[in-house]
Amino acid sequence: MDRRAVLYALGVVALVALGALVWLADETSETPRVEVPMRMIPLAGGAEHASAEISAMAWSGDRLVLLPQYPGLLEGLASGTAFVIERAQLSAFLAGEREAVEVGHVQVVANGMETAIEGFDGFEAILFDGEDVFATVEARRDDAQTVGWLLRGRVEGDLERIVFDPSQRARLPAQNDLGNTGYEALVLHDDRLLAIYETNGDVNARPQALAFDRALRPLEPLTVAPLEYRVTDATEVDADGRFWVTNYHWPGAPWQPGVCELTERYGEGESHARCRTVERLVELEIARDRISVTETPPILFELVDDDHARNWEGAVRFEGGFLVVTDEHPASILAYVPLP
């Protein structure tokens, strides 16, 4: 082959490579730049107040249970009240058939929790499975030491009471030395309860999901793929082992996240590009002994601004999308998020 032919061939290869890079850049920049608008659902019955401090949310049959961090509310107690909304009311609201939803109440009984668990610092996640109910709580003996506990309880009557026995618990050790950090996501898959840690990115050298059977006996933990920012709740797991987690970052956090691979790969939406706050849903997948991030792009929420970051603490699947709820920051907000 003469020199002219070689140069021609090299030129063709270079053009093909350049075209591929341009195509990849276009795919990366365009796919995720759509941010999803949220539809707010007015709350009532006490759930609308920031002092309710909703910390977890899950379906119990056709009823949505919103669990405060302290069901005893301002007293900081484990026993007290959670909030309940019927699925039919939520459907009617989204269909434009109702202007608001009725919020009921269910008694939460956890007698002796504050004594049994030193430094009890409130509920973080909840999961219903028929008459069984499981939850995680945080405990802080001091600002430098936070541990978690997995609890087992029962539903009494027609969701008349949620009862926890503090003696039925398993310890959830911290995975790093960050204060006020615990296990805020809990899922059930193949008869395994999986408690997922709040920080699984650059600040956690070896992120794991702790596994237990229904009797709270420990099983082999699962490796969790790196994911920046906080994981604050999880939806139910589907038949393919997939579920979504709320993934949040507040710019005022005392620790700094690493480089987010999802943002590097998929880009940012308009409001995320101008804010340091991150509010999104990320899909994960359970496969044997590992939890991985799927190829599905994150669902980015439309942000307000960095002064009004919304700490989404609960998420469930609902009618082709999701329901998400905040804690006290900036107020109690329940919203519907459609799939993009």
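What the sequence shown shows, in my numbering, is residues 580 to 919, in sequence order.
A virtual CB, placed ideally from N, CA and C, is assigned to each residue, including glycine.
Only a predicted model underlies this, so the values are computations on that prediction, with no experimental measurement involved.
Taking a contact as a CB-CB distance under 8 Å, the pair residue 846 and residue 807 does not count as one, their CB atoms being some 15 Å apart. With respect to the 8 Å criterion, residue 697 and residue 718 are classified as neighbours on the basis of their beta carbons. Under the three-pair Cβ rule at 8 Å, the stretch 710-717 counts as touching the stretch 729-739. In summary, residue 759 is exposed, with fewer than 16 beta-carbon neighbours lying within 10 Å of its beta-carbon over all protein chains present. Under the three-state reduction of DSSP, residue 851 is assigned to helix. Residue 711 carries a strand assignment under DSSP once its states are collapsed to helix, strand and coil.
Comparing C-alpha distances from residue 680 to each of 914, 919, 918 shows the shortest one belongs to 914. Remark: fewer than three beta-carbon pairs, one from each stretch, lie closer than 8 Å, so the stretch 760-767 and the stretch 738-749 are not flagged as touching. By the Cβ criterion, the stretch 902-919 is in contact with the stretch 869-881, since at least three pairs of Cβ atoms, one from each stretch, lie closer than 8 Å. With fewer than three CB-CB distances shorter than 8 Å, the stretch 764-783 does not count as touching the stretch 687-694. In the displayed model, residue 641 falls within coil according to three-state DSSP, outside both helix and strand.
In the structure shown, residue 768 adopts extended strand secondary structure according to DSSP, grouped into three states.
In the three-state DSSP reduction, residue 636 falls in the strand class (E or B). For residue 686, the secondary structure class from DSSP, reduced to helix, strand or coil, is strand. The distance from the Cβ of residue 814 to that of residue 895 is about 6 Å, consistent with a contact at the 8 Å cut-off. In the structure shown, residue 887 adopts helical secondary structure according to DSSP, grouped into three states. Residue 694 sits in a helix when the DSSP states are folded into three classes.
Between residue 786 and residue 766, the CB-CB gap reaches or exceeds 8 Å. Excluding sequence positions up to five before and after residue 903, its CB lies within less than 7 Å of the CB of 825, 891, 893, 894, 914, 916, all in the same chain and listed in chain order. For residue 747, the uninterrupted beta strand (DSSP E) run begins and ends at 740-751, by DSSP. Across the structure, residue 819 and residue 618 are spaced so that their CA atoms are roughly 28 Å apart. Residue 668 carries a helical assignment under DSSP once its states are collapsed to helix, strand and coil.
Excluding five sequence positions before and after residue 870, the CB atoms of its chain that fall closer than 6 Å to its own CB belong to 788, 801, 803, 863, given in chain order. Only exposed fits residue 694, as fewer than 16 other CB atoms lie within 10 angstroms of its CB.
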